[in-house]
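One structure below.
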Amino acid sequence: MDNFVKEYEQQLNNIRSLGIRPRLLLHTCCAPCLSGMIEELHSYFDITLYFSNPNISPGDEYEYRLSELSKLLDMLGFDDVKIASPKYMPEAFFDIAKGLEEEKEGGKRCEKCYRLRLEDSFLYAKENNFDFVTTTLSVSPYKNAGLLNEIGILLEREYGIKYLISDFKKNNGYKRSCENSKKFGLYRQDYCGCIYSKLEADNRIRIKEYDYLPEEAKKIREEVFIKEQGFLSEYDDIDNRAIHLLAFNKKEHFGTLRLFTKEDDDKTYILGRLAVKKDARGKKIGSMLVNYAVKYVKNKGGKKLILHSQLHATEFYKKLGFMEFGEIEYEEECPHIWMEKH
Numbered sequence: 124m125d126n127f128v129k130e131y132e133q134q135l136n137n138i139r140s141l142g143i144r145p146r147l148l149l150h151t152c153c154a155p156c157l158s159g160m161i162e163e164l165h166s167y168f169d170i171t172l173y174f175s176n177p178n179i180s181p182g183d184e185y186e187y188r189l190s191e192l193s194k195l196l197d198m199l200g201f202d203d204v205k206i207a208s209p210k211y212m213p214e215a216f217f218d219i220a221k222g223l224e225e226e227k228e229g230g231k232r233c234e235k236c237y238r239l240r241l242e243d244s245f246l247y248a249k250e251n252n253f254d255f256v257t258t259t260l261s262v263s264p265y266k267n268a269g270l271l272n273e274i275g276i277l278l279e280r281e282y283g284i285k286y287l288i289s290d291f292k293k294n295n296g297y298k299r300s301c302e303n304s305k306k307f308g309l310y311r312q313d314y315c316g317c318i319y320s321k322l323e324a325d326n327r328i329r330i331k332e333y334d335y336l337p338e339e340a341k342k343i344r345e346e347v348f349i350k351e352q353g354f355l356s357e358y359d360d361i362d363n364r365a366i367h368l369l370a371f372n373k374k375e376h377f378g379t380l381r382l383f384t385k386e387d388d389d390k391t392y393i394l395g396r397l398a399v400k401k402d403a404r405g406k407k408i409g410s411m412l413v414n415y416a417v418k419y420v421k422n423k424g425g426k427k428l429i430l431h432s433q434l435h436a437t438e439f440y441k442k443l444g445f446m447e448f449g450e451i452e453y454e455e456e457c458p459h460i461w462m463e464k465h
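For what it's worth, the working numbering labels the leading residue of the sequence shown as 124, then goes sequentially.
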């Protein structure tokens, strides 16, 4: 059962052909995810949102996400959509998460969390005579729709209430949720809700593009090239026209590089000034930056990416698909060689 979109559409077609409007209990994790499918579901169902999310911490985060649901419904004019919210009991989540605190997002802790929230939804649906249950969770690209549907089907058999098979991220569902978040000014959190995912999100390394040399990147280059390696000439006019990439998390900045096109060939990009702070090495940050640069060049229609590597770094670049060409040259008495990747 991997074609969830087809099965979802079939269920909607059945409802349309019967000319009925079933009652749907829609487990809702947040307003941005809800915005990805609520308009379509509203055409078929009498909907009640069920905000059962004991995983969310801290308490004020829980309350804020809950309040955003009303904000979205008001903006959509869906006065007939109700919101039900059980008592906030974070201890229920911490009980099922014991021993799984170090799991990555998407692992066994998340599986138990899905089950906890969906089972609570089925219990409420059973007690209040709903016809269908489903969840907004599958809007997120980080959530496993197959696992959610598997749990939903098991609970359907146990409670005798239909589970609406879905993968709401498909058919531009995730894209729509991003667009609607901006359109309606929704609070879009950067972690799923639990304290463990927040810690993971805080430590997650991101890469951002700049069309100028940011101060953080400048400091990293000074630390690596001037203080550590002893180069004297670090900045030039190319910095003014280059794209600069910066790797960071919420706590600190780790590495940088710059990209620019050859003056006589706008299909050939030059990668340079790759620098990673000493205490951040061994975490594959350099590889992340280079791989990001490769994708950037491809997306811009570039045909070739070249770089002038310090001789000691050539093995690093070879592992990323670069090949040497030309002769060894010297920059401030440091041996370099050109490398390329098509």
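Just so you know, even glycine gets a beta-carbon here, dropped at the ideal spot from N, CA and C.
Counting C-beta pairs closer than 8 Å gives fewer than three between the region 256-276 and the region 192-203, which falls short of the contact rule.
Annotation: residue 164 to residue 369 spans about 41 Å, alpha carbon to alpha carbon. Under the three-state reduction of DSSP output, residue 458 falls in the strand class.
From the listed residues 297, 169, 214, the smallest Cα separation to residue 176 is found for 214. The beta carbon of residue 310 sits closer than 6 Å to those of 191, all from its chain and outside the five residues before and after it, given in chain order.
In the three-state reduction of the DSSP assignment, residue 463 falls in the strand class. Residue nearest to residue 169 within the set 343, 371, 389, 146 is 146 (criterion: CA-CA distance).
In the assembly as shown, residue 352 is an exposed residue. Its beta-carbon has fewer than 16 other beta-carbons within 10 Å. Under the three-state reduction of DSSP output, residue 433 falls in the strand class. Counting only unbroken stretches of 4 or more residues, the alpha helix (DSSP H) elements lying wholly within the region 236-286 are 268-282, in sequence order. In the three-state scheme derived from DSSP, where H, G and I count as helix and E and B as strand, residue 334 is classed as coil. Note on geometry: alpha-carbon atoms of residue 396 and residue 343 lie some 10 Å from one another. For residue 370, there is no enclosing alpha helix (DSSP H); the enclosing beta strand (DSSP E) has its first and last residue at 366-371. For residue 399, DSSP records a beta bridge to 378. In the assembly as shown, residue 291 is a buried residue. Its beta-carbon has 16 or more other beta-carbons within 10 Å. The beta carbon of residue 235 sits closer than 6 Å to the beta carbons of 219 from its chain, once the five residues preceding and following it are set aside; these are given in chain order. Shown here, residue 313 sits in coil according to DSSP, grouped into three states, outside any helix or strand. Counting C-beta pairs with one atom in each stretch, the region 278-291 and the region 242-249 have three or more that are closer than 8 Å, which means they touch. Annotated three-state conformation of residue 127 is helix, per DSSP. Comparing alpha carbon positions, the residue from 452, 361, 312 closest to residue 184 is 312. Non-local beta-carbon contacts of residue 193 in its own chain, meaning distances under 8 Å to residues more than five positions away in sequence, involve 206 in chain order.
Non-local beta-carbon contacts of residue 322 in its own chain, meaning distances under 6 Å to residues more than five positions away in sequence, are absent. Per DSSP, reduced to three states, the secondary structure at residue 362 is helical. By the C-beta criterion, the region 348-365 is judged not to be in contact with the region 404-414, since fewer than 3 inter-stretch pairs fall below 8 Å. Take the alpha-carbon of residue 144 and the one of residue 316: they are about 32 Å apart. Rounded to whole angstroms, residue 346 and residue 409 show a C-alpha spacing of 16 Å. About 7 Å separates the beta carbon of residue 304 from that of residue 158, a gap short enough to meet the 8 Å contact definition. The C-alpha of residue 431 lies about 28 Å from the C-alpha of residue 372. Distances from the CA of residue 296 to each of 456, 162, 348 were compared; the closest alpha carbon is that of 162.
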